[in-house]
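Residue numbers (our numbering), protein chains in the order written: chain A, 385 to 594; chain B, 385 to 594; chain C, 385 to 594; chain D, 385 to 594.
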DNA sequence: TATGAATGAGTGTTCATTCAT
DNA sequence: GATGAATGAACACTCATTCAT
């Protein structure tokens, strides 16, 4: 269903490729988080991955491939963990639950989200679209969730509002990732979820606050 | 009132410093926007500024100084253009107007906001706080605006909601800057403003949609 | 017995390090002799060593490391070739022989001695002590030789004279290295040795010139 | 009597040239002593001299000119203060006095001597000879002093020994300058003078120790 | 005569990438 | 498949020197 950008490997054994790339992604995430993509060297990535620089290049073609692999893997993880959302029943409660799951997930994957968020734009024009596409897919997921509520008569907002709302939810999730430094002073993740849902929902037409 | 981090210049003439740094900031913004801070070389910055690499270094000490100067200048510009907000009367109308001004401003300063948004984190631990502080000041500006409405009895939301709402407004402004690629497909800036205000306000307790 | 300042290498193979550094030292000595440390570029050192600038930096961390390596190696060589001195029997004849060996050695290692002599002071405060320490060890070597003669009753001079005499011998050796331009007009190395020993010894108390 | 290498100045007023160059030499000596010629920038020299970089270049053509001027001035000073030596009567006592004067002078002019000693070799092939020539003149001064003693019958050593002795005295003077770090642990300048004269003289043929 | 802003060739150093073993 | 030594283009930054004012 979703196309991937193929990253070339010299090695043939697919299992080995998977294994080595997992080592690589794991090592790279913590390095990228600590010092950013540009300040991290391929040598450091190789070392953090537990193999030599030569071996690293058996599984990628360029340093940027590592970033792509990292971003791709993070999105996959996020998508996988969010896939349950689609099971929503089209009730406001299930939409709220979805948002809550999503925000908690972001909190769980702080490092990864931060990395993706801050470094993705370093991807080349070739690789960036693949990542942005995934982002839009996630927005769409929320949009579908919202739309189902509308179709179910639980919400009464127009197409455009639905679309923007989905974006807002998505960005508010990321916001907890990239603005933690400011938000943590005032809110725990639970507070954040409660308050954001308050703010979000009490304004949606047709929803009766009291 | 606000402390600045001093950037060292070898040249003494303050007017000249101002002039050259303006050239520099202008040249750097478009380069940073195009290729990011890390992929931009100091020679390119010098060239885009209209002077030699030697001259560039008469006005800064390190490449990072350029980034700081750029971020600092953008925030100054944004702050200056937002200062009218504080004149708000504590009515919902003036709050909406403030938000609208802010979103339009972001739209105006697309390039600058994008750069600041994406590259600020490349600042060293020494310079970053100065920039983050400015960010918080802007959030506070919105918080005061909101709070005035609450005190005026035009809004009825708690302290925490006020704080988060200010953050949301701030981030939604930035969002127009850093997610234009996705939003522009669906909305013009005017649409965006209208819809976001709808979404924001129609949920605030005590506000009567229609 | 003697501590070394470790110079970091990225390469692990110790034999290779030894080999490459020998190439490096050899290339650097002739460059430093010709144009001095400061006027020699790292690129020139790499080229004279027979490898690329990248490879050079696999075996050192900074340009100064090259100077340290050069100085260290020269002292090692001098020390090695002088170690026979310690075998002296405590006779005036063996002291003279030692001096003669030393002066000839300096003559042999003209370039190296000149370099060390003129460039060592360019070493940082961190590396300089290691080199000065070696210098003092060499002075001590002569002092022991002299002292043995005194204990043997072949010489009758006080502690202080012994100490200064050792310094004088050491410096007179170097003098042949760094003042060759003036001395060569009047003396061959053999002349120099004979005359210096004359001057040195005919003044030592208890030594009977005729 | 002695040729100078002319250093070009754009300014005409000879008195001004003298004044500015004195400022320059004074400033440069302390800088060269502290960080060496190569690590000192022309800007620093200008600043230490009390005028601007532009003014500096009104009185010299290249940075090396400063070094030449410094070396030249130091030798002039040393020569001037040693000129009394020539008044010696051709007695051993006056030779000793001369040596003593010279050693004390070196002690007095520690910084200058050290600078000259360590940096002179950085002079270009064009300027170096002028400095070396001065050095030889000083050696000759000692040689004449010694020779007068020989002619007076107070000493009985051959031409070659006389020549080498003069070199030795000259170098032993410098030695106090450039090896103070080692010698000061054991000797005061007075000790050094006494002991060196002991060592020097008690060996000269025809001189009766006691 | 004095100033100091402007210049740009040159420097030490890094690091992604390759390839022989 | 794995290794790590070798490479050199590229970079940030310096500084001697010039010249318009």
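Even for Gly, the Cβ is constructed at its ideal location relative to N, Cα and C.
Please check the pair residue i and residue j, which I expect to be a contact at CB under 8 Å, by giving their CB distance rounded to whole angstroms.
i: residue 487 of chain A; j: residue 576 of chain A; result: 7 Å
i: residue 597 of chain D; j: residue 545 of chain C; result: Given a span of 385 to 594 for chain D in the structure shown, any question on residue 597 of chain D remains unanswerable.
i: residue 475 of chain C; j: residue 533 of chain C; result: 7 Å
i: residue 366 of chain D; j: residue 511 of chain D; result: This structure cannot settle anything about residue 366 of chain D, because the visible part of chain D is limited to 385 through 594.
i: residue 461 of chain D; j: residue 493 of chain D; result: 7 Å
i: residue 449 of chain B; j: residue 391 of chain B; result: 5 Å
i: residue 525 of chain D; j: residue 584 of chain D; result: Not really, about 16 Å apart at Cβ, beyond 8 Å.
i: residue 463 of chain B; j: residue 408 of chain B; result: Between residue 408 of chain B and residue 463 of chain B the Cβ distance is about 20 Å, and since that is not below 8 Å, they are no contact.
i: residue 573 of chain C; j: residue 495 of chain C; result: Contact doesn't hold; Cβ gap of about 15 Å is too wide.
Compare the beta carbon distance of residue i and residue j with 9 Å and say whether it is the shorter of the two.
i: residue 424 of chain A; j: residue 418 of chain A; result: yes
i: residue 442 of chain D; j: residue 393 of chain D; result: yes
i: residue 489 of chain B; j: residue 465 of chain B; result: yes
i: residue 551 of chain B; j: residue 563 of chain A; result: yes
i: residue 388 of chain D; j: residue 514 of chain D; result: yes
i: residue 404 of chain A; j: residue 446 of chain A; result: no
Mapping DSSP to helix, strand and coil, what is residue i?
i: residue 509 of chain C; result: coil
i: residue 429 of chain C; result: helix
i: residue 578 of chain B; result: helix
i: residue 566 of chain B; result: helix
i: residue 385 of chain B; result: For residue 385 of chain B, the predicted structure reports a pLDDT of 44, less than 50, and the residue's modelled location is therefore unreliable. The matter cannot be settled from this model.
i: residue 602 of chain B; result: Nothing can be reported for residue 602 of chain B: it is not among the residues displayed for chain B, which extend from 385 to 594.
i: residue 400 of chain B; result: helix
i: residue 531 of chain D; result: helix
i: residue 539 of chain C; result: coil
i: residue 515 of chain D; result: helix
i: residue 525 of chain D; result: helix
i: residue 504 of chain A; result: helix
i: residue 474 of chain C; result: coil
i: residue 593 of chain D; result: Residue confidence is low: residue 593 of chain D scores 40 on pLDDT, short of 50, so the model does not pin down where it sits. Its coordinate-derived value is still stated next. Residue state, collapsed to three classes: coil.
i: residue 391 of chain C; result: coil
i: residue 405 of chain D; result: helix
i: residue 445 of chain C; result: coil
i: residue 457 of chain B; result: helix
i: residue 488 of chain C; result: helix
i: residue 493 of chain B; result: coil
Less than 8 Å between the CB of residue i and some heavy atom of the ligand FAD, yes or no?
i: residue 569 of chain D; result: The ligand FAD is not part of the structure shown, which contains no ligands of any sort.
Answer yes if the region 398-412 of chain D comes into contact with the region 420-431 of chain D, meaning at least three C-beta pairs across the two stretches below 8 Å, and no otherwise. yes
Closer than 8 Å, Cβ to any Cβ of chain C: which residues of the region 574-586 of chain D, in chain order? 575, 576, 579, 580, 582, 583, 584, 585 and 586
Between the region 478-485 of chain D and the region 520-533 of chain D, can you find at least three pairs of beta-carbon atoms closer than 8 Å? yes
Is the region 567-576 of chain C touching the region 502-512 of chain C in the sense that three or more CB pairs, one from each, lie closer than 8 Å? no
The region 398-430 of chain C: positions lying closer than 7 Å to chain D by Cβ: 420 and 422
Does the region 514-523 of chain B come close enough to the region 442-457 of chain B to have 3 or more Cβ pairs within less than 8 Å? yes
Three or more C-beta pairs closer than 8 Å, one from the region 553-565 of chain A and one from the region 545-563 of chain B: is that the case here? yes
When you check each C-beta in the region 502-519 of chain C against every C-beta of chain D, which residues fall closer than 8 Å? 502, 505, 506, 516 and 519
What residues in the region 539-563 of chain B bring their beta carbon closer than 8 Å to a beta carbon of chain A? 544, 545, 547, 548, 549, 551, 552, 555, 556, 559 and 563
Using a Cβ-Cβ cutoff of 9 Å, what residues of the region 463-497 of chain B are near chain A? List them in chain order. none
Please list, in chain order, the residues of the region 432-453 of chain C that have any C-beta partner in chain D closer than 8 Å. none
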